[in-house]
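Student:
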Amino acid sequence: MRAKTKYTLLASSIAMINSTGQLRAQESAIDAGANEDIEQISVVGIRSSIASSVARKQESGQVADVISAEDIGKFPDLNVAESLQRIPGIQISRSRGEASGVSIRGLDEVATLLNGRNYFGGASGVSINRFASFEDIPAELVGSVVVYKSVSADILEGGIGGVVDIERTDALSLSGPTIAGSLKEHYGDLSKEWSPRGSLVVGNVWDYGNSGGEIGVIFGVSYLEREYREDLVRNSSATPIEGDFPSGTAPSGAKTSASLNSSPAWGDRERTVYSLGIDLSLNSDTKFYFDSGYTDYSTAQLREEFVWSFNGANTVDADFSNIDENNLYPASVTLSDMDFDVLSMIDDRYTTTYDLALGFETVAGPWRFEGEVSYVDTDNETNFHNTRIRDTWTALPVTISNSGFVSQPPSVDFGDFDVTDEGNFDIVQWRHESRQLKADESAAKLDIDYMFDEGVVRSIEAGVRFASLGTSKNIQNNHIFDASGATYGSDDPLNLVEASTWNDFMDEYDGGNFPNDYVAVNPAYLLSRNDEIREYYGFTGQSETENPRDSFDYEEEVTAVYLKANFETEVGGYFVGGDLGGRYVQTDTTADYFFDTGNIDQNGAPIYEGTKSDKDYSEFLPSFNLKVELTDEMLVRLAGSKTFSRPHFGDLAPSLNLNFEQGRGTGGNPDLDPFTATNLDLSLEYYFASGGMASSAIFYKDIDGFLQTSENQETIGGNDFIILRKSNGGSGTVRGLELAYQQFFDFLPVPFDGLGIQANYTYVDSDVPSPNPLLPNISLEGLSDNSYNLVAIYEDDLFSGRLSYNYRSDFLVTTEVAQEGFGQLDLSLSYNVSESFRLTLDALNLLRRDHFEYRAGDKYDPYHWIATERQVLVGVSYTF
Numbered sequence: 001m002r003a004k005t006k007y008t009l010l011a012s013s014i015a016m017i018n019s020t021g022q023l024r025a026q027e028s029a030i031d032a033g034a035n036e037d038i039e040q041i042s043v044v045g046i047r048s049s050i051a052s053s054v055a056r057k058q059e060s061g062q063v064a065d066v067i068s069a070e071d072i073g074k075f076p077d078l079n080v081a082e083s084l085q086r087i088p089g090i091q092i093s094r095s096r097g098e099a100s101g102v103s104i105r106g107l108d109e110v111a112t113l114l115n116g117r118n119y120f121g122g123a124s125g126v127s128i129n130r131f132a133s134f135e136d137i138p139a140e141l142v143g144s145v146v147v148y149k150s151v152s153a154d155i156l157e158g159g160i161g162g163v164v165d166i167e168r169t170d171a172l173s174l175s176g177p178t179i180a181g182s183l184k185e186h187y188g189d190l191s192k193e194w195s196p197r198g199s200l201v202v203g204n205v206w207d208y209g210n211s212g213g214e215i216g217v218i219f220g221v222s223y224l225e226r227e228y229r230e231d232l233v234r235n236s237s238a239t240p241i242e243g244d245f246p247s248g249t250a251p252s253g254a255k256t257s258a259s260l261n262s263s264p265a266w267g268d269r270e271r272t273v274y275s276l277g278i279d280l281s282l283n284s285d286t287k288f289y290f291d292s293g294y295t296d297y298s299t300a301q302l303r304e305e306f307v308w309s310f311n312g313a314n315t316v317d318a319d320f321s322n323i324d325e326n327n328l329y330p331a332s333v334t335l336s337d338m339d340f341d342v343l344s345m346i347d348d349r350y351t352t353t354y355d356l357a358l359g360f361e362t363v364a365g366p367w368r369f370e371g372e373v374s375y376v377d378t379d380n381e382t383n384f385h386n387t388r389i390r391d392t393w394t395a396l397p398v399t400i401s402n403s404g405f406v407s408q409p410p411s412v413d414f415g416d417f418d419v420t421d422e423g424n425f426d427i428v429q430w431r432h433e434s435r436q437l438k439a440d441e442s443a444a445k446l447d448i449d450y451m452f453d454e455g456v457v458r459s460i461e462a463g464v465r466f467a468s469l470g471t472s473k474n475i476q477n478n479h480i481f482d483a484s485g486a487t488y489g490s491d492d493p494l495n496l497v498e499a500s501t502w503n504d505f506m507d508e509y510d511g512g513n514f515p516n517d518y519v520a521v522n523p524a525y526l527l528s529r530n531d532e533i534r535e536y537y538g539f540t541g542q543s544e545t546e547n548p549r550d551s552f553d554y555e556e557e558v559t560a561v562y563l564k565a566n567f568e569t570e571v572g573g574y575f576v577g578g579d580l581g582g583r584y585v586q587t588d589t590t591a592d593y594f595f596d597t598g599n600i601d602q603n604g605a606p607i608y609e610g611t612k613s614d615k616d617y618s619e620f621l622p623s624f625n626l627k628v629e630l631t632d633e634m635l636v637r638l639a640g641s642k643t644f645s646r647p648h649f650g651d652l653a654p655s656l657n658l659n660f661e662q663g664r665g666t667g668g669n670p671d672l673d674p675f676t677a678t679n680l681d682l683s684l685e686y687y688f689a690s691g692g693m694a695s696s697a698i699f700y701k702d703i704d705g706f707l708q709t710s711e712n713q714e715t716i717g718g719n720d721f722i723i724l725r726k727s728n729g730g731s732g733t734v735r736g737l738e739l740a741y742q743q744f745f746d747f748l749p750v751p752f753d754g755l756g757i758q759a760n761y762t763y764v765d766s767d768v769p770s771p772n773p774l775l776p777n778i779s780l781e782g783l784s785d786n787s788y789n790l791v792a793i794y795e796d797d798l799f800s801g802r803l804s805y806n807y808r809s810d811f812l813v814t815t816e817v818a819q820e821g822f823g824q825l826d827l828s829l830s831y832n833v834s835e836s837f838r839l840t841l842d843a844l845n846l847l848r849r850d851h852f853e854y855r856a857g858d859k860y861d862p863y864h865w866i867a868t869e870r871q872v873l874v875g876v877s878y879t880f
């Protein structure tokens with residue numbers, strides 16, 4: 001039945017394309033005699049970017065989408081991922097309001113390439129991923145981005161979802177001396193702070209030698225600061241309410257929060273990125289190039305977390321009037337006692353990433369040779385500090401009031417307890433953890449093409465690539481916490497505890513009426529006064545000894561060879577082209593780590609034993625791409641391939657990252673295997689004007705051994721934790737439909753001839769087995785079944801603007817937690833003061849897309865409410 005539905009949808013999309021052609025028929029007749037004039041028009045700005053992207057998509061040999069810069073230093077968005085989210089089939093993840101990761105057709109295993117070579121960088125603070133964090137890549141230094149949804153044998157392996165190739169600007173593409181720059185100020189409506197950002201790109205091309213050679217140099221620098229704030233409330237777990245109360249008997253299944261957290265998080269990010277490209281062409285046949293980049297990224301995230309712990313057995317009374325078969329949380333609950341902690345945390349991270357490549361391209365008769373050596377290195381140092389103060393009252397009555405809607409957080413009334421009196425608290429915990437994460441890769445490749453003058457097969461491509469990758473993770477942890485309840489006393493001789501005021505906390509919600517005034521240890525002191533704190537309380541210096549449990553070294557040797565045939569012919573009057581090939585990949589890995597033997601030494605400490613794990617595997621990855629041109633404007637594509645992805649480094653590391661405050665943690669699994677996908681794509685594309693396009697596509701993926709996140713209780717050091725780990729699942733399928741349409745209405749009279757529109761819709765259906773017994777079959781994590789984009793565009797000689805709305809439906813965060821669907825509205829405006837100088841205004845998250853998470857399978861069991869901030873950027877840009 002599903003297959004029939006898919007093809008019905010495809011038929012509907014074909015009808016849509018045909019109707020678009022009919023709408024354009026009158027315009028085409030008018031334009032038929034003026035094609036030569038139209039082709040000579042030079043269009044710049046948004047329209048130029050879209051027209052270039054559409055032209056590259058049409059000429060592509062694969063199922064692909066392209067985003068092009070409007071001009072040097074003028075990428076369409078502030079962030080590469082922000083642009084990618086408007087491509088059909090792509091959904092993004094965000095970190096503190098900034099786009100950071102992408103998934104293609106529901107799969108976040110997306111290979112990220114930089115000018116065609118492997119690139120990774122950044123760190124979550126817990127691990128380094130195989131793929132790039134897009135927040136580390138400034139849009140101003142990007143020339144274009146290509147998203148491959150189908151692959152060919154010559155494209156680097158590693159992404160079962162697809163491949164994103166970020167292309168820096170080629171210096172030889174410059175027309176002469178070039179200077180492009182921008183300055184902007186960034187404001188967040190929760191942080192109430194302005195932050196600067198700017199970029200500068202300079203370059204030039206000179207004649208070289210007497211054979212028509214050229215040498216080009218392009219240098220770019222981008223700087224960003226950002227102050228941010230994000231508020232959240234978490235219903236971490238529930239406790240049952242049973243028995244008789246003044247209001248009546250508790251209904252079966254009635255419950256209230258067992259642990260409720262409210263937390264304002266704030267901080268700053270600072271990122272400086274440099275890029276340098278040198279291109280030398282000796283003549284029209286031979287070129288050498290050097291490409292490099294360096295990223296310096298630091299962030300300090302501060303958080304105060306207010307944690308209430310409740311026991312349903314302490315219930316005095318409750319209002320059960322709102323309880324029904326769905327909602328089991330009473331409208332209000334009064335309890336005779338609770339525990340109240342105030343945590344202060346700072347997570348200080350510093351990451352550097354640099355990449356470089358040296359290569360050549362040359363043509364000798366029918367032969368073409370390309371060679372390259374490359375290197376990428378990323379290092380991350382993270383220092384995490386936290387402390388906890390706890391109420392000293394033996395009986396602390398409290399009332400929890402729910403707003404009546406699970407999408408609204410509850411309110412808490414402390415009664416007579418004064419949360420602003422530091423005498424009501426003891427300091428009970430100090431903690432300092434240091435993490436060092438490193439990864440690097442050296443690679444070399446050689447590609448050889450042979451071109452034929454005639455015949456169906458137009459060229460044969462072959463190549464080989466060698467890569468050596470290594471990563472390590474080390475953690476030193478000083479966790480000072482006495483679970484017996486002993487404290488360091490309520491005295492505060494170092495004056496660490498201060499008044500803490502949070503205006504507008506969760507004010508966008510009808511619920512969430514928490515006190516705005518507390519006392520807390522100032523999180524900034526945990527870093528700036530660390531030595532003073534340690535000396536006063538007699539703590540030893542930070543351990544230099546690696547915790548065996550948290551030490552992990554991993555090495556990977558990869559050899560890949562490929563062979564591909566490109567063909568062109570004519571069948572029944574239709575042009576047919578494409579490629580057929582295969583890629584063979586051999587991977588040899590070695591992992592060094594420690595495991596807990598389950599024994600303890602004479603001091604009661606766990607005994608660890610070192611082990612080395614070797615794993616070798618190989619994959620043959622066949623692929624084909626077929627393109628049939630039905631007319632000059634309409635074509636059909638059919639593509640098939642096998643792809644595979646290796647587990648992320650952090651998912652392999654058996655070390656644990658524990659949150660003692662929440663009793664939760666994450667851990668890796670060194671036994672993870674790579675996972676594969678068999679892919680099929682069919683698309684119909686109609687190119688009816690410059691920048692105008694309508695398309696439809698259906699796709700199918702059969703995935704084997706995909707990774708899933710499951711929660712399990714583990715006892716660690718005598719304490720129970722809920723640990724999240726990845727494991728290989730069974731087989732699953734992903735299938736879906738993409739529809740897209742975009743057009744500029746330049747046939748309308750002035751001033752309406754500057755109007756344009758982009759619209760696309762994606763439906764994805766996935767079916768995979770689940771480790772959650774409550775959900776025997778689930779969707780892939782991070783996958784929304786429905787998503788769409790609507791973009792209104794206007795551009796003339798002086799003014800350009802874009803209003804874009806992006807929506808995605810509910811999706812799983814883990815197999816245990818889901819997030820409600822949401823939409824985001826963004827605005828971008830610019831005014832050209834002159835040919836070189838323009839003013840800009842960008843507004844993000846205009847509708848304040850607050851997030852709501854709930855227990856998977858039960859939308860009436862809330863888990864997380866997150867309030868994000870609106871962002872505004874004003875600035876100027878200059879091009880010479």
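One point on numbering: in the UniProt record's numbering, the residue at position 412 of the sequence shown is 412, and numbering is uninterrupted.
Ideal Cβ placement from N, Cα and C applies to all residues, glycine included.
Treat the numbers as computed from the prediction; the structure is a model and nothing was measured.
#1: Just the C-alpha distance for Ser13 and Ser696, rounded to the nearest angstrom, thanks.
#2: To the nearest angstrom, report how far apart Leu680 and Lys627 are at their CA atoms.
#3: Would you mind sorting Lys192 into buried or exposed? The rule is 16 or more other CB atoms within 10 Å of its CB.
#4: Take Lys642 and list the residues in its own chain whose beta-carbon comes closer than 8 Å to its own, dropping the five residues that flank it on each side.
#5: Let's see if you can read the secondary structure: which residues bound the beta strand (DSSP E) around Val876?
#6: Does the segment 361-377 touch the segment 310-323, meaning 3 or more C-beta pairs lie closer than 8 Å?
#7: Is the CB-CB distance between Leu224 and Arg168 below 8 Å?
#8: Could you check what DSSP says for Glu39 in three-state terms: helix, strand or coil?
#9: With Tyr509 as the anchor, note down where its alpha helix (DSSP H) starts and where it stops.
#10: Report the CB separation of Ala520 from Glu230 in whole angstroms; it is logged as a contact under 8 Å.
#11: What residues are listed by DSSP as bridge partners for Ala794?
#12: Return the Cβ separation of Tyr329 and Trp865 in integer angstroms, given the expectation that the two are a contact with Cβ distance under 8 Å.
#13: Measure from the alpha carbon of Asp355 to the alpha carbon of each residue in Tyr119, Ala565 and Val576, then state which is nearest.
#14: With a cut-off of 8 Å on the beta carbons, I'd call Gly248 and Thr762 a contact; round off their distance for me.
#15: Measure the alpha-carbon distance for Ala560 versus Asp517 and round it to whole angstroms.
#16: Hey, would you say the C-beta of Asp413 is under 7 Å away from at least one heavy atom of the ligand MN?
#17: Suppose you measure from the CA of Val750 to the CA of Asn845; what does that come to, to the nearest Å?
#18: Measure the C-alpha to C-alpha separation of Val145 and Asp504 and round it to an integer number of angstroms.
#19: Pairing CB atoms from the segment 159-176 with CB atoms from the segment 134-151, are three or more of them under 8 Å?
#20: Could you give the distance in angstroms between the alpha-carbon of Asp418 and the alpha-carbon of Ile389?
#21: Taking just the CA atoms, how far does Leu739 sit from Ser292?
#22: Look at the alpha carbon of Asn424 and the alpha carbon of Ser551, and state the distance between them as a whole number of angstroms.
#23: On a Cα-Cα basis, can you pick out the residue from Leu78, Ile155, Lys615 and Pro548 that is closest to Val110?
#24: Just to confirm, are Glu433 and Ser468 a CB contact at a threshold of 8 Å?
#25: Looking at the structure shown, is Gln58 part of a helix, part of a strand, or coil, going by DSSP?
#26: Can a CB atom of chain D be found closer than 8 Å to the CB of Gly277?
#27: Would the beta-carbon of Arg804 fall within 8 Å of that of Val817?
#28: Less than 6 Å between C-beta atoms, sequence neighbours within five positions excluded: which residues of the same chain meet that for Leu526?
#29: If we ignore side chains and look at the alpha-carbon of each, how far apart do Ser830 and Ala639 end up?
#30: Are there 16 or more other CB atoms within 10 angstroms of the CB of Ile38, so buried, or fewer, so exposed?
#31: Any idea if Leu494 is buried or exposed, counting beta-carbon neighbours within 10 angstroms, 16 or more meaning buried?
#32: Note down, in chain order, each residue of its chain lying with its Cβ closer than 6 Å to the Cβ of Tyr289, except the 5 sequence neighbours on either side.
#33: Smallest Cα separation from Phe822: which of Leu839, Glu853 and Asp317?
#34: Specify the secondary structure class of Gly692 as computed by DSSP and reduced to three states.
#35: Would you check if the segment 243-259 and the segment 204-221 touch, i.e. whether three or more CB-CB distances between them fall below 8 Å?
#36: Using C-beta distances below 7 Å, list every residue in its chain close to Arg96, excluding the 5 sequence neighbours before and after it, in chain order.
Tutor: Once the coordinates are examined:
#1: With a pLDDT of 41 at Ser13, under the threshold of 50, the modelled position of this residue cannot be trusted; read the value that follows with caution. If you take the alpha carbons of Ser13 and Ser696, they lie about 6 Å apart.
#2: 14 Å
#3: exposed
#4: Glu619, Phe620, Leu621, Pro622, Ser623, Thr676, Ala677, Thr678 and Asn679
#5: Gln871 to Thr879
#6: The segment 310-323 vs the segment 361-377: no contact.
#7: no
#8: Note on Glu39: pLDDT 30, under 50, position unreliable in the model; no value is reported.
#9: Premise fails: Tyr509 is in no alpha helix (DSSP H) and is neither H nor E.
#10: The pair is not a contact, with the Cβ atoms about 17 Å apart (cut-off 8 Å).
#11: What sits at residue 794 in the sequence shown is Tyr, not Ala. Partner(s): Leu755 and Gly801.
#12: No, Tyr329 and Trp865 are not in contact; Cβ-Cβ is about 14 Å, not under 8 Å.
#13: Tyr119
#14: With a beta-carbon spacing of about 49 Å, Gly248 and Thr762 fall beyond the 8 Å limit used to define contacts.
#15: 60 Å
#16: Looking for the ligand MN in the displayed structure turns up nothing, as the structure carries no ligands at all.
#17: 31 Å
#18: 39 Å
#19: yes
#20: 14 Å
#21: 37 Å
#22: 40 Å
#23: The residue from Leu78, Ile155, Lys615 and Pro548 with its alpha-carbon nearest to that of Val110 is Ile155.
#24: no
#25: helix
#26: Structure shown: chain D not included; a single protein chain is present.
#27: One detail in the question is off: residue 804 reads as Ser in this sequence, not Arg. Not in contact: Ser804 and Val817 (Cβ atoms no closer than 8 Å).
#28: Ile346 and His385
#29: 40 Å
#30: Model confidence at Ile38 stands at a pLDDT of 28, short of 50, so the residue's coordinates are unreliable; what they give is reported in the following sentence. Ile38 is exposed by the Cβ-count criterion.
#31: Leu494 comes out exposed.
#32: Asp279 and Gly359
#33: Glu853
#34: strand
#35: no
#36: Tyr228 and Glu230
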